[in-house]
Amino acid sequence: MDSTLSRAGLVSLLVFVALAAAAIQPGESRADHLACHSPFRGFDFDTYEFEDYVTKYSQAIELAAAGKAVPAPYTLSTGETIDVSYQGLKKGPRAARAAESTSVGIPPAIYKSIAWVESALSAWGNASGSVPFGGVGPTLISTDCGYGIGQITSGMGHASAPPALEYGVPSARQAIIGTHPLFNIGEGVRILADKWNSAPRFRPIAGNGDPAALEDWYYAVWSYNGFAFSNHPLNPVRNPLRGAVWNCGDKSAPGYSSFVRSDYTYPELVYGCLRYAPAMPAAVATAQSNADSEVTAAAVGGPFNAGDTVVVVGTGDCLKVRATPTTDQVACVPDGTQMEILGGPQTGIGGNAFWNVRVKTGASQGVVGWSADLFLSKQTATPAPSPTPPSTPPPTIPNVDPANRYWLPQRFFMPDFGSAAVAEAFKPQHFLDCQEAGFSGGCPAMDYPTTIPERNVVPHADTTPPPNQSLVSTFLGDPKLQYSGPTTLTLRVESSGVATNGVVTVKNVGTWIAPFRVRTTADWIVVYHPGDSTRTIDGSVAIGADTDVVTQQATASKPRLAVKGRDSVLVITLDPALMPEGAFTGKVYIEPLFGGGGVFTVNVAASKGATTGLPFRNVLPALASEGSP
Numbered sequence: 050m051d052s053t054l055s056r057a058g059l060v061s062l063l064v065f066v067a068l069a070a071a072a073i074q075p076g077e078s079r080a081d082h083l084a085c086h087s088p089f090r091g092f093d094f095d096t097y098e099f100e101d102y103v104t105k106y107s108q109a110i111e112l113a114a115a116g117k118a119v120p121a122p123y124t125l126s127t128g129e130t131i132d133v134s135y136q137g138l139k140k141g142p143r144a145a146r147a148a149e150s151t152s153v154g155i156p157p158a159i160y161k162s163i164a165w166v167e168s169a170l171s172a173w174g175n176a177s178g179s180v181p182f183g184g185v186g187p188t189l190i191s192t193d194c195g196y197g198i199g200q201i202t203s204g205m206g207h208a209s210a211p212p213a214l215e216y217g218v219p220s221a222r223q224a225i226i227g228t229h230p231l232f233n234i235g236e237g238v239r240i241l242a243d244k245w246n247s248a249p250r251f252r253p254i255a256g257n258g259d260p261a262a263l264e265d266w267y268y269a270v271w272s273y274n275g276f277a278f279s280n281h282p283l284n285p286v287r288n289p290l291r292g293a294v295w296n297c298g299d300k301s302a303p304g305y306s307s308f309v310r311s312d313y314t315y316p317e318l319v320y321g322c323l324r325y326a327p328a329m330p331a332a333v334a335t336a337q338s339n340a341d342s343e344v345t346a347a348a349v350g351g352p353f354n355a356g357d358t359v360v361v362v363g364t365g366d367c368l369k370v371r372a373t374p375t376t377d378q379v380a381c382v383p384d385g386t387q388m389e390i391l392g393g394p395q396t397g398i399g400g401n402a403f404w405n406v407r408v409k410t411g412a413s414q415g416v417v418g419w420s421a422d423l424f425l426s427k428q429t430a431t432p433a434p435s436p437t438p439p440s441t442p443p444p445t446i447p448n449v450d451p452a453n454r455y456w457l458p459q460r461f462f463m464p465d466f467g468s469a470a471v472a473e474a475f476k477p478q479h480f481l482d483c484q485e486a487g488f489s490g491g492c493p494a495m496d497y498p499t500t501i502p503e504r505n506v507v508p509h510a511d512t513t514p515p516p517n518q519s520l521v522s523t524f525l526g527d528p529k530l531q532y533s534g535p536t537t538l539t540l541r542v543e544s545s546g547v548a549t550n551g552v553v554t555v556k557n558v559g560t561w562i563a564p565f566r567v568r569t570t571a572d573w574i575v576v577y578h579p580g581d582s583t584r585t586i587d588g589s590v591a592i593g594a595d596t597d598v599v600t601q602q603a604t605a606s607k608p609r610l611a612v613k614g615r616d617s618v619l620v621i622t623l624d625p626a627l628m629p630e631g632a633f634t635g636k637v638y639i640e641p642l643f644g645g646g647g648v649f650t651v652n653v654a655a656s657k658g659a660t661t662g663l664p665f666r667n668v669l670p671a672l673a674s675e676g677s678p
């Protein structure tokens, strides 16, 4: 570093780093995860991205939040059961909590906001940013193995079985969550319901525990990201002047010019987008591409100046430092890393504001590059706010123009710290004591009222209209897989180190989206798409001829190009680095996850090196035996 920290600054930094570390500790369902960045890999899934994404994702979330989106649990021919069905919600205060009922739904606007915060930098999406709306391509995946629009991590681990079928092989349930947008949304809603239902045994209760009250979802929303102190509203590393909620990109909202996303806790992000629902892009009618945008020289505003020290916070893993705002990363620095602002901002990948930074601490110290400001927080020595400021006026709810937004802006109150009961519930020591006890008992000292008559505070309901349940059939379709290609392949690794291959085409002769899993009995048998050998496919989709698949997004200079339906073409080959010397046999299974069509099996006879006269060795899961040549 080029400067010396004062003792007070060092203490503040150590406190921050400790809190950041606590924030990213794996939760109960994340313990089986390896990171999804090099040298590790998660599952490689493909998905279909809705073309009319604003309407389709809104409808899908509304159906899922009502428990109407996905089918009842069903069993595949492989014997695996797929169950992402809605379990219902508990209801009522701690002393009179009613059991789960599927007749009680989740306010859909809450999950719309969660999906936006989880997946979107410029638009909703289940696929990665390189996939056009209406196209097929890689599923959105984060470095901590969050998949799709809901960034599902719970139950998606690839390093142990269960939840995986085998190490590195997805279960059928994992594969359909990773490939089909409706099942991804259904699983996200189910996880949120699980967070709600964890009270009162492991979580506190807001208000009367009424699922219809937006305010009463505060602790469940907090838990969706991780019930950690980093998300506590009175965490001393948070600027007390930041305001009650994030602006969600609304330039007219309080704090837009002064604070960035990383200044806020997770509930403040979600409730911020609940209030300031994101504005629809001007070109939604032409379904703009969500591909990486071009860098521009125009300043986009922001709270940083050259020479400021900022801290990486809220990534849950690491923040990419890129050579330029639109090029590859040169480093990925963890939460708690200090960086110096050298210049900027410039608009880069995803339309985000990127700042020229120099890393000041950690293993990447001295690295210079560009980072997005979503996860940068200016380092300040601000005192913790008093939970009971004197003469605090009653809270008010701003009016938000509902025109041209992804969903209807919602009215609600955040926890009112002007109330003595609320201020008492949010004393940090109550959280820390409950955390020390493993959250057993559900932190009753943190229960707080959401109805406070003397301060005109009352709960609010979601104003989203009820969903059209007849849409369920359109979101599921009637898919049926059909295959063309060899059922037997003889492959070899040539002396040049190049392996031979065979091709199988998977076609959906039914309608809509046909998701399927690809698995092999040996790690040296690999399956990829033509022209993309960097991805080893674990699951993909075939699209029926009833559906347009966009191959080129419409722009000012280019027309929209689309085809009717899309087959999935799979190349089956050998990995020369993993293939041992000798002759072996194995299998490739292509298995439908929803709809019709049987399992397609390809028998592979493989060889490497001098194999003349050697028998083929059979390779099956958990079984290796000598066979006849």
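Mapping of the sequence shown onto the working numbering: residues 50 to 678, in sequence order. All C-beta atoms in this analysis are idealised placements derived from N, C-alpha and C, irrespective of residue type, glycine included. Note that the structure is a prediction, hence the values are computed from the model and not measured.
Report task. Let me know the alpha helix (DSSP H) ranges lying completely inside the stretch 402-488, each 4 residues or longer, listed in chain order. Result -> Runs of the alpha helix (DSSP H) spanning 4 or more residues and lying entirely within the stretch 402-488 occur at 469-474, 477-485, in chain order.
Query - Nearest residue (CA-CA) to G321, options L540, A114, V620, L457 - result: Within the sequence shown, the letter at position 272 stands for residue 321. The option with the nearest alpha carbon to G321 is L457.
**Report entry** Residues sharing a beta bridge with M388, DSSP
**Finding:** Walking along the sequence shown from the start, residue 388 turns up at place 339. Among the bridge pairs identified by DSSP, M388 is matched with V359, V408.
Query raised in the report: Around the C-beta of G635, are 16 or more other C-beta atoms found within 10 angstroms, so that it is buried, or is it exposed?
Result: Position 586 of the sequence shown, counted from the first residue, corresponds to residue 635. Its Cβ being crowded by 16 or more others within 10 Å, G635 is buried.
**Report entry** Residues sharing a beta bridge with G631, DSSP
**Finding:** By one-based count along the sequence shown, residue 631 stands at place 582. Per DSSP, the beta bridge partners of G631 are K657.
Query raised in the report: Straight-line CA distance for A121 to H509?
Result: Taking the sequence shown and counting its residues from 1, the one referred to as residue 121 is at position 72. Taking the sequence shown and counting its residues from 1, the one referred to as residue 509 is at position 460. If you draw a straight line from the Cα of A121 to the Cα of H509, it is about 31 Å long.
Query - Those residues which DSSP pairs with D95 across a bridge - result: In the sequence shown, residue 95 corresponds to position 46, counting from 1. In the DSSP output, where bridge partners are listed per residue, D95 has P187.
**Report entry** Distance between T604 and Q531 (C-alpha atoms, nearest Å)
**Finding:** Working through the sequence shown from its first residue, we reach residue 531 at position 482. Working through the sequence shown from its first residue, we reach residue 604 at position 555. One C-alpha to the other measures close to 35 Å.
Report task. Less than 8 Å between the CB atoms is what I'm expecting for A277 and R566, so what's the real figure, rounded? Result -> To locate residue 277, count along the sequence shown from 1; it is residue 228. To locate residue 566, count along the sequence shown from 1; it is residue 517. Actually they are not in contact, since the Cβ atoms of A277 and R566 sit about 34 Å apart, beyond 8 Å.
Report task. With DSSP collapsed to three states, give me the class of C322. Result -> Taking the sequence shown and counting its residues from 1, the one referred to as residue 322 is at position 273. Helix, per DSSP.
Report task. Please go through the same chain and pick out, in chain order, the residues whose beta-carbon is closer than 6 Å to the beta-carbon of P303, but skip the five residues on each side of it. Result -> Counting from one through the sequence shown, the residue named residue 303 turns up at place 254. Excluding sequence neighbours, P303 sits near G292.
Query - Contact belief for V449 with Y638 at Cβ below 8 Å, rounded distance in angstroms - result: Taking the first residue of the sequence shown as 1, we reach residue 449 at position 400. Taking the first residue of the sequence shown as 1, we reach residue 638 at position 589. At roughly 51 Å, the Cβ-Cβ gap does not stay under 8 Å, so V449 and Y638 are not in contact.
**Report entry** Cβ pair I131, I225 closer than 8 Å
**Finding:** Position 82 of the sequence shown, counting from 1, holds the residue named residue 131. Position 176 of the sequence shown, counting from 1, holds the residue named residue 225. The Cβ-Cβ distance between I131 and I225 falls below 8 Å.
Query - Straight-line gap, C297 to G199 (C-alpha atoms, nearest Å) - result: Indexing the sequence shown from 1 puts residue 297 at position 248. Indexing the sequence shown from 1 puts residue 199 at position 150. Cα to Cα, C297 sits roughly 18 Å from G199.
Report task. Determine the DSSP secondary structure at R371, reduced to helix, strand or coil. Result -> One-based indexing of the sequence shown puts residue 371 at position 322. It is a strand residue.
Query raised in the report: Taking DSSP as the reference, what is the three-state secondary structure of V103?
Result: Counting from 1 along the sequence shown, the entry for residue 103 is found at position 54. When secondary structure is reduced to three states using DSSP, V103 falls in the helix class.
Query raised in the report: Once you ignore the five residues that flank S301 on each side, which residues in its own chain have a CB closer than 6 Å to its CB?
Result: Here residue 301 is taken as the residue at index 252 of the sequence shown, counted from 1. Counting only Cβ-Cβ distances below 6 Å, and skipping sequence neighbours, we find nothing.
Query raised in the report: At what residues does the beta strand (DSSP E) containing G235 begin and finish?
Result: As a working mapping, residue 235 is identified with position 186 in the sequence shown. Segment 230-246 is the alpha helix (DSSP H) holding G235; no beta strand (DSSP E) there.
Query raised in the report: In chain order, what residues of the same chain lie with their CB nearer than 8 Å to the CB of K686, ignoring the 5 residues before and after it?
Result: Any question about residue 686 goes unanswered here, given that the chain covers just 50 to 678.
Query raised in the report: Just curious, the beta strand (DSSP E) that I562 is in, first and last residue?
Result: Reading the sequence shown from its first residue, position 513 is the one you call residue 562. Unbroken beta strand (DSSP E) run through I562: 562-569.
Query raised in the report: Thinking C-alpha only, which one of I562, Y97, V552, V362 is nearest G526?
Result: Taking the sequence shown and counting its residues from 1, the one referred to as residue 526 is at position 477. It is I562.
Report task. Report yes if the CB atom of L520 is closer than 8 Å to the CB atom of T622, and no otherwise. Result -> In the sequence shown, the residue the question calls residue 520 occupies position 471. In the sequence shown, the residue the question calls residue 622 occupies position 573. No, Cβ-Cβ distance for L520 and T622 is not below 8 Å.
Report task. Report yes if the CB atom of P219 is closer than 8 Å to the CB atom of A213, and no otherwise. Result -> Numbered from its first residue, the sequence shown carries residue 219 at position 170. Numbered from its first residue, the sequence shown carries residue 213 at position 164. Cβ distance < 8 Å, so P219 and A213 count as in contact.
**Report entry** Residue of N284, T96, M329 minimising C-alpha distance to D299
**Finding:** Start at 1 with the first residue of the sequence shown, and residue 299 comes out as number 250. Ranking the options by Cα distance to D299, first place goes to M329.
Query - Inter-residue spacing [alpha-carbon to alpha-carbon] between N284 and P316 - result: Translated into positions along the sequence shown, residue 284 becomes position 235. Translated into positions along the sequence shown, residue 316 becomes position 267. Spanning the alpha carbons of N284 and P316 requires a straight line of approximately 13 Å.
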